[in-house]
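Each residue of the sequence shown is one higher than the one before, starting from 1 at the first, in full-length UniProt numbering.
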Amino acid sequence: MNLDKSLSAMSINETEDKKTTPRVLPPRPMPQRMPGRSVLPPMSRPGGSPLPPMAGGSPAGGSPGGLRGRPGMGRMGKPALNLSQLGLSPKQEQTPFANFSKYVDPSGKLNFAGKAIIHADGVDFSNGNSFAIKMDDLILKEELGKGQYGTVQKVKHRVTNVTMAMKEIRLELDETKLHQILMELDILHKSSGEFIVEFYGAFFIESCVYYCMEYMDAGSLDKLYGSGVPEDVLAKIAISMVKGLKFLKDELSIIHRDVKPTNVLANLKGQVKLCDFGVSGQLEKSLAKTNIGCQSYMAPERIRAANTYSVSSDVWSLGISLVEIGVGRYPYKYDNMFAQLKAIIDDEPPALPADKFSAEAIDFVNSCLQKEPLKRPAYADLLQHPFIQKYENVDVDMAKWASEAFEARNN
Numbered sequence: 001m002n003l004d005k006s007l008s009a010m011s012i013n014e015t016e017d018k019k020t021t022p023r024v025l026p027p028r029p030m031p032q033r034m035p036g037r038s039v040l041p042p043m044s045r046p047g048g049s050p051l052p053p054m055a056g057g058s059p060a061g062g063s064p065g066g067l068r069g070r071p072g073m074g075r076m077g078k079p080a081l082n083l084s085q086l087g088l089s090p091k092q093e094q095t096p097f098a099n100f101s102k103y104v105d106p107s108g109k110l111n112f113a114g115k116a117i118i119h120a121d122g123v124d125f126s127n128g129n130s131f132a133i134k135m136d137d138l139i140l141k142e143e144l145g146k147g148q149y150g151t152v153q154k155v156k157h158r159v160t161n162v163t164m165a166m167k168e169i170r171l172e173l174d175e176t177k178l179h180q181i182l183m184e185l186d187i188l189h190k191s192s193g194e195f196i197v198e199f200y201g202a203f204f205i206e207s208c209v210y211y212c213m214e215y216m217d218a219g220s221l222d223k224l225y226g227s228g229v230p231e232d233v234l235a236k237i238a239i240s241m242v243k244g245l246k247f248l249k250d251e252l253s254i255i256h257r258d259v260k261p262t263n264v265l266a267n268l269k270g271q272v273k274l275c276d277f278g279v280s281g282q283l284e285k286s287l288a289k290t291n292i293g294c295q296s297y298m299a300p301e302r303i304r305a306a307n308t309y310s311v312s313s314d315v316w317s318l319g320i321s322l323v324e325i326g327v328g329r330y331p332y333k334y335d336n337m338f339a340q341l342k343a344i345i346d347d348e349p350p351a352l353p354a355d356k357f358s359a360e361a362i363d364f365v366n367s368c369l370q371k372e373p374l375k376r377p378a379y380a381d382l383l384q385h386p387f388i389q390k391y392e393n394v395d396v397d398m399a400k401w402a403s404e405a406f407e408a409r410n411n
């Protein structure tokens, strides 16, 4: 209510009733106002703690608070219409953490729609598997790498003395990133094959998910191949990659979708394993509309039509990776990304050089790099290829190769 108008109305009515000259009252002294302080008491939450300033309020050190600090309330007069008076509801303000509330419960646990619950002491999966591990269990060592969403750090488990790689993922407030975290955790905890990195557990603290994996001390193959690897080593790498991809397909109904040397790790024992399953997809959704993964390793059909993806697309990426590892460089010339992608579609596929590799090795790679997806072999067929059969039971000193490659990389 407007106080001045109300007093005026009362004076007029009094004059009309009494037909006398209205008596003018002396002005009442206003209470002295402390500088920079609102005359209104602060609103409080239950328990007495003050509420934070309302949106649109004055910042600390700014103009005095109170009603004058609110839009539309700086002068006396007719108040603005409230949305509720018009039968409308005020629009809810979307905060950056609105999506978070669906996943993080009041106790601080990260709940992925009942499929997995990650907390400060470990992770519990819906299939009954649980992994207990927490930050206090770990001794932090050096940083191993850094990516767009976080870092990978070498750690040591206090109780077991096992050295691990701890991947830190900063939670991005979008559904895609949360889905990628769940996908990778789901694959890792179900994978017991010898060609997939081992999973030790995960935990959640504030806005970061941490998961601990097998530490592959030689590193990724892109850092190890140097000027190229010999054929027998390439064969053993191919066997590990094909068996790892076949395990994902047959046991978990998963296609990797990001096969490249960076995502293939080796240890100093000579073991080779697949990693990084954040963009992997369910096989029954193999024609999903997606264009994720590294474009340089994409099959031609993926570049032409981003909504097409199947197991054969991973076979193409396998072939490109093997050529790169064999010759020591990515096989397509790079002027710009457009020219490179055009070359993948239009040019003849790359091949292993005949002066360094056998006819069996060359044919194996050529079969993976068929432009027509249906002409590419299945994993079971690749394992029966003469190139694989030639080296399947041959004793190749992979530990020696890994150690020498690791030493050469660090010198």
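Using N, Cα and C, we set each Cβ at its ideal position, and we do this for glycine too.
All of these numbers come straight from a predicted model, not from anything done at the bench.
Is the beta carbon of CYS212 closer than 8 Å to that of MET164?
Yes, they are a contact pair.
So, do the region 357–366 and the region 199–206 have three or more beta carbon pairs nearer to each other than 8 Å?
Taking a cut-off of 8 Å for Cβ pairs, the region 357–366 and the region 199–206 do not touch, as fewer than three such pairs fall below it.
Going by C-alpha distance, which of THR160, SER403, ASP250 and MET166 is nearest LYS141?
Of THR160, SER403, ASP250 and MET166, the residue nearest in Cα terms is MET166.
MET216, DSSP secondary structure in three states:
Reduced to three states, the DSSP call for MET216 is coil.
Note the first and the last residue of the continuous beta strand (DSSP E) segment covering VAL327.
No beta strand (DSSP E) contains VAL327, which is instead part of the alpha helix (DSSP H) from 311–327.
Same chain, Cβ closer than 7 Å to ASN366, neighbours up to 5 away in sequence not counted:
Hits under 7 Å: ALA351.
What residues are listed by DSSP as bridge partners for ASP153?
What sits at residue 153 in the sequence shown is Gln, not Asp. As a beta-bridge residue in DSSP terms, GLN153 pairs with GLU143 and MET166.
Rounded Cβ spacing between ILE255 and ILE303 (contact assumed at less than 8 Å)
With 8 Å as the limit, ILE255 and ILE303 do not qualify as a contact, their Cβ atoms being about 17 Å apart.
Are LEU234 and LEU322 close, meaning C-beta to C-beta below 8 Å?
Taking 8 Å as the Cβ cut-off, LEU234 and LEU322 qualify as a contacting pair.
Using C-beta distances below 7 Å, list every residue in its chain close to ARG409, excluding the 5 sequence neighbours before and after it, in chain order.
Excluding its 5 nearest sequence neighbours in each direction, ARG409 has C-beta neighbours in its own chain below 7 Å: LYS223 and LEU224, listed in chain order.
By DSSP, does LEU274 sit in helix, in strand, or in coil?
For LEU274, the secondary structure class from DSSP, reduced to helix, strand or coil, is strand.
The region 366–376 in contact with the region 239–252 per 3-pair CB rule at 8 Å:
When C-beta atoms of the region 366–376 are compared with those of the region 239–252, fewer than three pairs fall below 8 Å, so the two segments do not count as touching.
Alpha-carbon spacing of VAL152 relative to VAL315, whole angstroms:
Those two C-alpha atoms are separated by around 28 Å.
Evaluate ARG257 with the Cβ neighbour count: other Cβ atoms within 10 Å of its Cβ, from every protein chain shown; 16 or more gives buried, anything less gives exposed.
Buried: at least 16 other Cβ atoms inside 10 Å.
Length of the line joining the Cα atoms of ILE139 and GLY122:
Going by the C-alpha atoms only, they are around 16 Å apart.
Check whether the region 261–270 and the region 168–185 are in contact - that is, three or more C-beta pairs closer than 8 Å.
Not touching, per the Cβ criterion.
Rank GLY219, ILE187 and PHE195 by C-alpha distance to the C-alpha of PHE277 and give the top, closest one.
With distances taken between Cα atoms, PHE277 lies closest to ILE187.
So for HIS179, helix, strand or coil by DSSP?
Helix at HIS179.
Cβ shell of GLN340 (< 6 Å), same chain only, five flanking positions each side left out:
Excluding positions up to five away in sequence, the list reads TYR332 and TYR334.
Name the two residues that bound the continuous beta strand (DSSP E) containing HIS335.
Here residue 335 is Asp; the residue named in the question, His, does not match the sequence. Where ASP335 is concerned, there is no enclosing beta strand (DSSP E), because DSSP gives it neither an H nor an E.
Quick one: what's ASP124 bridged to in DSSP?
DSSP lists ILE117 and SER130 as partners of ASP124.
Going by DSSP, which residues form a beta bridge with GLY201?
Within the DSSP bridge table, the entry for GLY201 names CYS212 as partners.
Note down, in chain order, each residue of its chain lying with its Cβ closer than 8 Å to the Cβ of VAL155, except the 5 sequence neighbours on either side.
Excluding sequence neighbours, VAL155 sits near LEU138, ILE139, LEU140, LYS141, THR163, MET164, ALA165, MET166 and CYS212.
Considering only their Cβ atoms, is the gap separating HIS189 from PHE247 smaller than 8 Å?
Cβ distance not < 8 Å, so PHE247 and HIS189 don't count as in contact.
CA-CA distance, GLU404 and ASP346?
Counting only the Cα atoms, ASP346 lies some 38 Å from GLU404.
For LEU245, which three-state DSSP category applies?
DSSP, read as helix, strand or coil, puts LEU245 in helix.
At the level of alpha carbons, what is the spacing between TYR297 and SER192?
Rounded to the nearest angstrom, the two C-alpha atoms are 27 Å apart.
Return yes when the Cβ of VAL396 is within less than 8 Å of the Cβ of GLY326, no when it is not.
Their beta carbons are not under 8 Å apart, which means GLY326 does not touch VAL396 by this criterion.
Please identify the residue among ALA354, ASN336 and THR262 whose C-alpha is closest to the C-alpha of LEU318.
Looking at the Cα atoms, THR262 is the closest of the given residues.
Cα separation between ALA354 and ILE362?
Straight through space, the alpha carbons of ILE362 and ALA354 are spaced by roughly 7 Å.
On the three-state DSSP scale, how would you describe ALA378?
ALA378 falls in the coil class under three-state DSSP.
Nearest to LEU144 (by Cα), restricted to the options VAL272, GLU214, ALA120 and VAL259:
When C-alpha distances from LEU144 are compared across VAL272, GLU214, ALA120 and VAL259, the shortest belongs to GLU214.
Beta carbon of LYS273, beta carbon of MET398: below 8 Å?
Cβ distance not < 8 Å, so LYS273 and MET398 don't count as in contact.
Measuring straight from C-alpha to C-alpha, what distance separates CYS275 and GLU206?
Their backbone Cα atoms lie some 26 Å apart in a straight line.
Check whether PHE364 and GLY219 have beta carbons under 8 Å apart:
Contact flag unset, no.
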